[in-house]
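In this text, residue positions in the sequence shown follow our numbering: the first is 5, and each later residue adds one. Heads up, the beta-carbon is just placed ideally off N, CA and C, and yes, glycines get one too. Values in this document were obtained by computation on a predicted structure and should not be read as measured data. Heads up, the thing below is written out as structure tokens.
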Amino acid sequence: MSPGGLSLRALLILGLCHSGRRSLASAPKGQPGRIAVVGAGIGGSATAFYLRQEFGAGVKIDVFEPGAVGGRLATVKIGDHEYETGGSVIHPLNLHMKHFIEKLGIPPRKDVPSKMAIFDGKELTFEESNWFIVNFLRLLWRYGLHFLRMQMWVESVLDKFMRIYQYQQYGYSFSTVERLLHAMGGDGFLTLMNQTLEETMMAEGFSQVFINDIVAPITRVNYGQSVRINGFVGAVSLAGADSGLWAVDGGNRRVCSGLLYHSKSELISARVTSISVKVRPSKTGAAASFYEVNYVGESGSAHSLYDIVVIATPLHQGKSDISFSGFSPTIPTHYPGRYHQTVSTLVHGVLNVSYLGSSEPASEFTVSDVLTTDSKGSAINSLSSIDPVHVPQGYSRPPASHAKVWKVFSPQPLSQEQLRHMFLSWEVASETRWLAYPSYRPPHRKTPPFILHNRLYYLNAVEWAASAMEMSAIAARNVALLAHHRWHGEKKKVDQEDLHTRLRGEL
Ligand SMILES: Cc1cc2nc3c(=O)[nH]c(=O)nc-3n(C[C@H](O)[C@H](O)[C@H](O)COP(=O)(O)OP(=O)(O)OC[C@H]3O[C@@H](n4cnc5c(N)ncnc54)[C@H](O)[C@@H]3O)c2cc1C
Ligand SMILES: *[C@@H]1O[C@H](CO)[C@@H](O)[C@H](O)[C@H]1NC(C)=O
Ligand SMILES: *[C@@H]1O[C@H](CO)[C@@H](O)[C@H](O)[C@H]1NC(C)=O
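So this is what it looks like as structure tokens:
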């Protein structure tokens with residue numbers, strides 16, 4: 005290497021250091037030393053992954069989780085196989101989830117064709133045929149072009165939704181859920197969030213009959229709630245009825261453990277009980293503030309100091325009980341609004357097809373997903389024949405005459421009597437009571453912010469727009485970007501308006 009080259013390099017390095025120091029002027033110090041993430045569901049583990057990406061190898065990342073890694077992504081074992089009890093399907097355009105499995109080298113689960121029907125509490129009012137054209141004609145006959153128009157409406161929402169990936173690619177982040185939605189879909193998205201799906205669709209010209217017969221069964225299976233959920237989560241729900249849905253081979257929760265491993269963070273098996281602000285003198289003499297995270301694990305209680313903390317669990321009744329002290333303005337342990345209960349019961353047994361009012365012989369009954377309308381008669385939200393998280397070679401879904409695994413979603417636990425009615429016989433019935441997703445009651449007052457305090461962030465605020473794996477992943481990347489930009493005082497990457505028009509030229 006020539007001396008000339010060396011000095012040029014030295015100059016460059018000096019120059020870089022200089023401009024580097026300038027941009028750090030408003031930052032607390034060079035790099036954060038320690039970051040805590042509270043919760044190891046898909047939100048927390050994706051946060052650890054993106055924090056590592058943003059802050060590099062130097063920072064220590066601790067992830068607190070008292071339960072199983074995965075949170076609402078969980079499986080139970082029935083016989084020789086495992087089955088999803090919580091979050092199960094992923095949309096083909098959920099790009100972060102797709103990116104995760106590619107990065108981790110986990111394949112998607114092998115696809116088994118499914119067949120849908122709708123049950124009104126007495127009989128099946130719609131049964132999908134194996135022939136696309138037959139389904140199309142049936143729907144056309146009954147609902148005119150509403151079905152096609154619904155797909156177009158969902159697609160138009162999805163088109164705007166997809167903008168978030170470009171913004172995040174360029175490093176842009178948002179301080180609130182409202183600003184994030186506004187950046188994607190302008191005032192239209194805020195309106196979606198503030199009115200019911202029913203109101204939204206009526207305004208778009210959909211008939212009440214179509215909404216009751218087709219839309220309600222979809223919101224019931226996906227969110228256990230009626231068409232009076234907000235329009236945004238409603239659109240997410242309808243997108244969840246698209247084709248091409250996928251899941252992770254071996255169980256969706258594998259993504260969480262994979263991301264934690266990949267992020268080289270430390271998993272601490274403990275429940276966080278409180279977080280407070282502490283001011284300590286630093287090496288340079290100036291006072292610095294830290295967050296003290298108090299936690300209880302198997303070996304008792306302990307506490308540690310962190311520069312940045314991300315809460316990745318809902319701050320709601322029944323979901324977590326973290327107290328915040330020394331903050332002004334105060335941060336509540338529980339924000340207003342509650343989480344909706346969905347009971348997931350996995351039954352290994354033989355279905356009573358007459359329960360569905362079907363006169364087909366059970367050996368010919370091949371419907372896999374039974375959705376339900378919002379009628380007094382239906383105690384259940386849905387009934388699905390489900391496949392193991394790893395689909396064995398040569399597997400095909402057996403007809404209803406065989407004992408197989410069914411998943412029932414219901415708002416209340418199923419009684420023995422209800423089970424006896426629905427199944428001719430069963431060996432196992434495994435119940436999981438989830439506080440599954442927010443109970444959506446628009447108009448929504450105010451969504452909690454992503455920023456609770458200077459360097460304290462809250463991921464699950466995003467669930468009030470819509471709760472889904474991809475929403476948590478998007479919020480995770482957003483929070484990691486926010487944490488990075490705010491640490492380094494890069495205001496230009498936070499809450500920018502008109503990103504869509506500004507970035508168009510850069511494509
Ligand atoms: C039955 C059901 C079906 C669903 N279906 C789908 C679907 O098909 N597709 C889809 O995309 N989404 C679905 N969802 C929603 C999806 O599962 C959630 O949106 C997503 O998993 C939320 O992830 P998260 O990491 O944000 O929260 P969580 O998974 O709830 O993770 C939070 C974690 O924080 C931990 N924690 C709580 N308190 C503390 C504390 N004090 N200290 C430390 N840790 C704490 C919890 O133990 C938990 O592991 C479904 C959900 C349910 C329940
Ligand atoms: C939603 O509506 C409520 C009351 O109607 C209003 O206070 C709030 O500002 C609205 N929020 C948004 C994001 O439009
Ligand atoms: C199956 O369902 C039908 C219709 O609801 C009911 O009359 C019958 O008793 C059920 N069978 C069993 C064995 O419970």
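Taking the alpha-carbon of Ala207 as reference, which of Ile218, Arg183, Gly192 has the nearest alpha-carbon? Gly192
Would you list the one or two residues that DSSP bridges to His307? Asn298
Measuring from the CB of Ser112, is there a heavy atom of ligand 1 at a distance below 7 Å? Checking the sequence, you will find Pro at residue 112 rather than Ser. Annotation for Pro112 indicates a beta carbon at 7 Å or more from all heavy atoms of ligand 1.
In chain order, what are the residue ranges of uninterrupted alpha helix (DSSP H) at least 4 long that sit wholly in the region 170-246? 181-198, 201-207, 220-227, 235-243
Can you say whether Glu496 is buried or exposed, counting buried as having 16 or more other CB atoms within 10 angstroms of its CB? Per the sequence shown, the amino acid found at residue 496 is Lys instead of Glu. Under this definition Lys496 is an exposed residue.
Give a single yes or no on whether Ser267 has its beta carbon closer than 7 Å to a heavy atom of ligand 3. no
For Tyr444 versus Ile315, is the C-beta spacing smaller than 8 Å? no
Proximity test, Ser358 beta-carbon vs ligand 3 heavy atom, cut-off 7 Å: yes
Residues in the same chain with beta-carbon distance under 7 Å from Glu202, minus the five sequence neighbours each way, listed in chain order, please. Ile215, Val231, Arg232
DSSP three-state label for Gly413, please. The sequence shown places Phe at residue 413, not Gly. If DSSP states are grouped into helix, strand and coil, Phe413 belongs with the strands.
State buried or exposed for Arg26, treating a residue as buried only when at least 16 other CB atoms are found within 10 Å of its CB. The predicted model places Arg26 with a pLDDT of 35, which falls under 50 and marks its position as unreliable; any figure quoted below should be read in that light. So Arg26 ends up on the exposed side.
Suppose the cutoff is 7 Å on Cβ atoms and the five residues either side in sequence are ignored; what does the same chain contact list for Gly175 look like? Leu485, Lys497
Whole-angstrom C-beta distance between Phe68 and Val42, which should lie under 8 Å: In this structure, Val42 and Phe68 form a Cβ contact; the two beta carbons are roughly 5 Å apart against a cut-off of 8 Å.
Taking just the CA atoms, how far does Ala404 sit from Lys107? If you draw a straight line from the Cα of Lys107 to the Cα of Ala404, it is about 38 Å long.
Using the Cβ count rule (16 or more neighbours within 10 Å means buried), how would you classify Thr505? exposed
Check whether Thr376 and Ala440 have beta carbons under 8 Å apart: Result no, Cβ atoms of Thr376 and Ala440 do not sit closer than 8 Å.
Could you give the distance in angstroms between the alpha-carbon of Ile110 and the alpha-carbon of Leu77? 16 Å
Taking the Cβ atom as the reference point for each residue, do Val283 and Ser267 lie within a distance shorter than 8 Å? No, Cβ-Cβ distance for Val283 and Ser267 is not below 8 Å.
Would you say Leu162 and Leu97 are within 8 Å of each other, going by their C-beta atoms? Yes, Cβ-Cβ distance for Leu162 and Leu97 is below 8 Å.
Here's the rule: buried if 16 or more other CB atoms are within 10 angstroms of the residue's CB, otherwise exposed. What is Phe413? buried
Any 3 or more C-beta pairs closer than 8 Å across the region 365-383 and the region 217-236: Three or more pairs of CB atoms, one per stretch, sit closer than 8 Å, so the region 365-383 contacts the region 217-236.
Using the DSSP secondary-structure output, state which residues sit across from Gly45 in a beta bridge. Answer by DSSP bridge pairing, in chain order: Gly74.
Taking DSSP as the reference, what is the three-state secondary structure of Ile478? helix
Name the DSSP bridge partner or partners of Asp373? Met120, Ser388
Check this for me: beta carbons of Asn458 and Phe178, under 8 Å apart or not? no
At the level of alpha carbons, what is the spacing between Gly90 and Ala290? 48 Å
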